[in-house]
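Scroll down for the structure; my scribbles are underneath it.
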């Protein structure tokens, strides 16, 4: 198959040439026009998701993939809202860092402006020689805006969290790391996860005990009552049987005793009636 190169259009036909310079003429008809007409890309029909919901999810910290997986919305539609919402979250971080705070001693005596929350936390992070510092903000539908700070100190990844009221410009430390960073004076150690040894024991020494019926379970109580009644009847029957066996056993013992006495004596015992008969 030869490869042709477009030259031009002449009298409603396309003129093309090959590598040898031969010219070819292709008539432009309706079939060619239809084949060359651009077609719109096929779009998969997805569920209609309200833009407000998409914005709310991204504002709460969800990524585009998270929103698509949760709602089934078109990724292009979700990505359209991501940029403005991320800019809003970044603006909230700036507002929180700019909140004025009071410190025991100025962080920078030469600074013209007062201390800010962001400057105070940055000073704390510098004391800790922290790395991988990352600020973020997200809005919970119920509790409002939160300011998050991720950093690495002592080879441990830390997460600090504050609640932020943008209207009153107030911050409240929530996580232990945030409380430690927000304290004034000498910086206490952040600490880390501690593991406590648990004493082991053998399950062979454990005897399972049946749980008693609950007081609020009438069916279990009734079943327990029936079981108790049957056990009582069985116990009485066993006592009766034992009494009967004991009586029979006593009679046999007495017979054996009498027989034994007869064997021990050569003569039977004589009573007064027998002497009277002899007389």
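In the working numbering, the protein residues as written are 1063 to 1341.
Just so you know, even glycine gets a beta-carbon here, dropped at the ideal spot from N, CA and C.
Beta-bridge annotation (DSSP): residue 1164 is not paired with any residue.
Inter-segment contact for the stretch 1108-1115 and the stretch 1082-1091 is absent: fewer than three beta-carbon pairs are separated by less than 8 Å. Beta-bridge partners assigned by DSSP to residue 1078: 1068 and 1086. Assigned with DSSP and collapsed to three states, residue 1177 falls in coil, not helix or strand. Restricting attention to 1187, 1154, 1195 and 1215, the CA atom closest to the CA of residue 1208 is found in 1154.
The beta carbon of residue 1227 sits closer than 7 Å to those of 1206, all from its chain and outside the five residues before and after it, given in chain order. Where residue 1121 is concerned, there is no enclosing beta strand (DSSP E), although the alpha helix (DSSP H) around it starts and stops at 1113-1121.
DSSP places residue 1218 inside the beta strand (DSSP E), whose first and last residues are 1218-1227. Three or more beta-carbon pairs separated by less than 8 Å are not found between the stretch 1225-1243 and the stretch 1140-1149, which leaves the two stretches without contact. In this chain, the alpha helix (DSSP H) harbouring residue 1159 covers 1137-1159.
Only residues of its own chain outside the window of five on either side were considered, and among them 1066, 1077, 1078, 1079 and 1080 have a CB closer than 8 Å to the CB of residue 1086, listed in chain order.
When secondary structure is reduced to three states using DSSP, residue 1234 falls in the strand class. Checking the DSSP bridge columns, you'll see residue 1212 partnered with 1196 and 1221. Annotation: residue 1099 is outside any alpha helix (DSSP H) and is labelled neither H nor E by DSSP. Contact between residue 1222 and residue 1243 holds: CB atoms are separated by about 6 Å, below the 8 Å threshold. In the three-state scheme derived from DSSP, where H, G and I count as helix and E and B as strand, residue 1127 is classed as helix.
In terms of Cβ geometry, residue 1141 and residue 1126 form a close pair [threshold 8 Å]. Contact annotation: residue 1212 and residue 1196 have beta-carbon atoms nearer than 8 Å. The closest CA to that of residue 1181, considering only 1161, 1198 and 1199, is found on 1161.
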